[in-house]
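K.L.:
Pasting in a structure now, in structure tokens, and then I'll have a few things to ask.
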Amino acid sequence: MNSIFINRIIRACKLDISLYEEVEADKSATLQAALVVVLSSLAAGVGALSLGASNFFMAPILSLVSWYIWAYLIYLIGTKLFPEKNTKADHGELLRTIGFSSAPGLIRIFGFTPELMTITFIGAGIWMLVAMIIAVRQALDYESTWRAIGVVVIGFLVQGILLVMILRIFGAN
């Protein structure tokens, strides 16, 4: 992995606002953002191995699909329903910024015991949520962090409803 990529991961974990602006503008960073999503997913898989390895290889694929859909939902909600006067973004910008907001999830690799898994997964979840709010605020050119929080919460609720509908369609209980 090259030093620019590693540096971007570190800056994403530090919640460096300028990193999110940088990757928003860098169209070549989309593949890097996808790699962050996959690495974060694999870290979670390693961290949760004590629960079993059955989903270890499927998780990265599902994470990529979820990341793509999540970025599109945030794009629609943030640019069509709740834009600010300076809001202008595209799906790619949200893919890149949200992808890098997954970087704090890399710490989940340290959850190799049930006790460590709980704390690393909770810590990573909170850290990733804060990173996502920053990523959304920067990608959508919001001045209000509260608006970014609202968009993330609404996106989470919409995604949850869609997931429940899909599970019901395919007969899962």
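Counting with my numbering, you get residues 82 to 254 for the letters of the sequence shown. The beta carbon of each residue, even a glycine, is placed where N, CA and C say it ideally should be. Predicted model, so just to flag it, every value in this text is computed and none were measured.
Alpha carbon to alpha carbon, how far is Trp148 from His172? Give it in angstroms, no decimals.
P.N.:
11 Å
K.L.:
Leaving out the 5 sequence neighbours to the left and right, which residues in its chain are closer than 7 Å to Thr111 when beta-carbon positions are compared?
P.N.:
Gly173, Leu176 and Arg177
K.L.:
Given a cut-off of 8 Å on the beta-carbon distance, is the pair Ala170 and Tyr153 in contact?
P.N.:
no
K.L.:
Expressed to the nearest angstrom, what Euclidean distance is found between the alpha-carbon atoms of Lys95 and Pro185?
P.N.:
9 Å
K.L.:
Nearest to Ile215 by CA position, among Gly236, Met246, Ile142 and Leu100, is which residue?
P.N.:
Leu100
K.L.:
Using only the alpha-carbon positions, how far apart do Thr194 and Arg249 sit?
P.N.:
34 Å
K.L.:
With Val255 and Gly180 assumed to form a contact (beta carbons below 8 Å), what rounded beta-carbon distance in angstroms separates them?
P.N.:
As shown, the chain starts at 82 and ends at 254. That puts residue 255 outside it, with no answer to give.
K.L.:
How is the alpha helix (DSSP H) around Arg189 delimited, first residue to last?
P.N.:
No alpha helix (DSSP H) contains Arg189, which DSSP labels as neither H nor E.
K.L.:
Using the rule of at least 16 other Cβ atoms within 10 Å of the residue's Cβ for burial, across every protein chain shown, is Gly252 buried or exposed?
P.N.:
exposed
K.L.:
Tell me which same chain residues have a C-beta within less than 8 Å of the C-beta of Ile98, skipping the five on either side of it?
P.N.:
Ile215 and Gln219
K.L.:
With a floor of 3 residues, list each beta strand (DSSP E) that falls wholly inside the region 209-236, ordered by position along the chain.
P.N.:
none
K.L.:
Since I believe Leu221 is in contact with Ala212 (beta carbons under 8 Å), could you give me their beta-carbon distance rounded to a whole number of angstroms?
P.N.:
Not confirmed; about 15 Å, so no contact.
K.L.:
Is it buried or exposed, Ser183, if we count other Cβ atoms within 10 angstroms and call 16 or more buried?
P.N.:
buried
K.L.:
Going by the CB atoms, is the gap between Gly236 and Ile188 shorter than 8 Å?
P.N.:
no
K.L.:
Rounded C-beta distance between Phe163 and Val232? I'm assuming under 8 Å.
P.N.:
About 6 Å separates the beta carbon of Phe163 from that of Val232, a gap short enough to meet the 8 Å contact definition.
K.L.:
Under 8 Å between the Cβ atoms of Ser122 and Ser144?
P.N.:
yes
K.L.:
Let's see if you can read the secondary structure: which residues bound the alpha helix (DSSP H) around Ser84?
P.N.:
Ser84 to Cys94
K.L.:
Count the other CB atoms within 10 Å of the CB of Val104; is the residue buried (16 or more) or exposed (fewer)?
P.N.:
buried
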